[in-house]
Amino acid sequence: MKLQHYLGGLEGLPQPLSLEKRVFVEEWEKRIFGIHVAMMGLSNHLGSALPEYPIADVPTKFRDEWTWADLRTGAEAMNPFDYFKFRYYEKWLGGITQFFIDKGYVSEDEILSRLADSALPSTEADVPAIDDQVIDYLRRGDSPRRDVAHPKFAVGQTVRITNVPAGAHTRLPGALRTKVGTVTRIFEGDYGYFVHTGDGIGDPMPIYIVEFTPEELWGVRAEPGANSFYAELFEAYLQPVEEDQ
Numbered sequence: 004m005k006l007q008h009y010l011g012g013l014e015g016l017p018q019p020l021s022l023e024k025r026v027f028v029e030e031w032e033k034r035i036f037g038i039h040v041a042m043m044g045l046s047n048h049l050g051s052a053l054p055e056y057p058i059a060d061v062p063t064k065f066r067d068e069w070t071w072a073d074l075r076t077g078a079e080a081m082n083p084f085d086y087f088k089f090r091y092y093e094k095w096l097g098g099i100t101q102f103f104i105d106k107g108y109v110s111e112d113e114i115l116s117r118l119a120d121s122a123l124p125s126t127e128a129d130v131p132a133i134d135d136q137v138i139d140y141l142r143r144g145d146s147p148r149r150d151v152a153h154p155k156f157a158v159g160q161t162v163r164i165t166n167v168p169a170g171a172h173t174r175l176p177g178a179l180r181t182k183v184g185t186v187t188r189i190f191e192g193d194y195g196y197f198v199h200t201g202d203g204i205g206d207p208m209p210i211y212i213v214e215f216t217p218e219e220l221w222g223v224r225a226e227p228g229a230n231s232f233y234a235e236l237f238e239a240y241l242q243p244v245e246e247d248q
């Protein structure tokens, strides 16, 4: 069964895609974005992602890792019917909520009680040190780069994309699996993905830009005169064409 992380590049979808151009459709979406940013600014991964980052000194009860990878994993792990039913930030809300439940910060009953009783007192506290930490994170950011690049493949080399089983989350578009392309660029460093997805990525490795022809991706359905398709792919998703001959 092809789930939501296989969607890109599929043909014959039941209706044309409707692209929402507004960043935030509802006011509450801004709050969800802020919660995500605050979680990233308090994430334990910053202790290793940035040298001498004082994350352990911040007086917060949040003691887990939270990155873009965790956010994507939470969204893609949703029931496929829910995934296609909800809008962008509704998926964020579902992933963040499930994370807090799974980690024991809050229970489903507590959430339901809060929804049922809007008169419950707020538990939010003004902790300047936490606010300062989040602002510092926004100013400094973090980077998944860990070293200079150590590539196995060279620019101009023909590669085949792997077809490893996808877990709850993958960075390999379904339409590219088993396809053949050409390496056109190698990024300067080895990059980690903060979490191990189970399909080969997680530890630092090179990232490539691979070029695909429309004919390779869509065969006889490729439109005449269409441009090439480029994808940024972790090295674990590439293999030499010679291996499968």
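Here the sequence shown stands for residues 4 to 248, where the numbers follow the working numbering. We put the CB at the ideal spot given by N, CA and C, even for glycine.
Sort out for me which residues DSSP pairs residue i with in a bridge.
i: Q2; result: Since the displayed the chain opens at 4 and closes at 248, residue 2 lies outside it and no answer follows.
i: E219; result: Answer is none; E219 lacks a bridge partner.
i: I210; result: F237
i: F232; result: F215
i: P243; result: V162
Pick out whichever of the options has its Cα sitting closest to the Cα of residue i.
i: K182; options: I58, V158, P243 and V28; result: P243
i: D73; options: T63, H48, V223 and A59; result: H48
i: N230; options: P217, Y240, R117 and L22; result: P217
i: F197; options: F102, E93 and E68; result: E68
i: E191; options: W221, D120, F237 and P227; result: F237
i: T200; options: G77, F65, S51 and I35; result: G77
i: G50; options: I35, T70 and R34; result: T70
i: T63; options: A41, Y233, P83 and A225; result: A41
i: R34; options: S110, I99 and V109; result: I99
i: D139; options: E23, F36 and P57; result: P57
What residue range does the alpha helix (DSSP H) around residue i cover?
i: P83; result: P83 to K88
i: I114; result: E111 to A119
i: S51; result: L49 to A52
Quick one: measure Cβ to Cβ for residue i and residue j, integer angstroms, because I've assumed they're closer than 8 angstroms.
i: G97; j: M81; result: 6 angstroms
i: R143; j: L53; result: 7 angstroms
i: D202; j: G195; result: Contact doesn't hold; Cβ gap of about 15 angstroms is too wide.
i: N166; j: R188; result: The Cβ separation is near 23 angstroms, so there is no contact.
i: V213; j: V186; result: 6 angstroms
i: Y92; j: E32; result: 4 angstroms
i: I210; j: E235; result: 6 angstroms
i: G184; j: F156; result: 11 angstroms between Cβ atoms; not a contact.
i: L45; j: I133; result: 7 angstroms
i: Q136; j: V61; result: 5 angstroms
i: W95; j: H153; result: Actually they do not touch by this definition, with Cβ atoms about 34 angstroms apart.
i: L241; j: V162; result: 4 angstroms
i: R90; j: V28; result: 7 angstroms
i: M3; j: A239; result: Since the first and last residues shown for the chain are 4 and 248, residue 3 lies out of range.
Looking at the secondary structure, which residues open and close the beta strand (DSSP E) in which residue i lies?
i: F36; result: F36 -> not in any beta strand (DSSP E); alpha helix (DSSP H) instead, spanning E30 to G44.
i: Y194; result: V183 to Y194
i: T161; result: T161 to I164
i: R75; result: Note, R75: premise wrong, no beta strand (DSSP E); alpha helix (DSSP H) at W71 to E79.
i: D150; result: R148 to V151
In this structure, does DSSP put residue i in helix, strand or coil?
i: A225; result: coil
i: Y91; result: helix
i: L175; result: coil
i: P131; result: helix
i: F103; result: helix
i: R142; result: helix
i: D202; result: coil
i: G170; result: coil
i: A157; result: coil
i: D67; result: coil
i: L96; result: helix
i: M4; result: In this prediction, M4 has a pLDDT of 41, which is less than 50 and means its spatial position is unreliable; nothing more can be read from the coordinates.
Does any CB atom of chain D fall closer than 8 angstroms to the CB of residue i?
i: H48; result: Absent here is chain D; the protein component of the structure consists of one chain.
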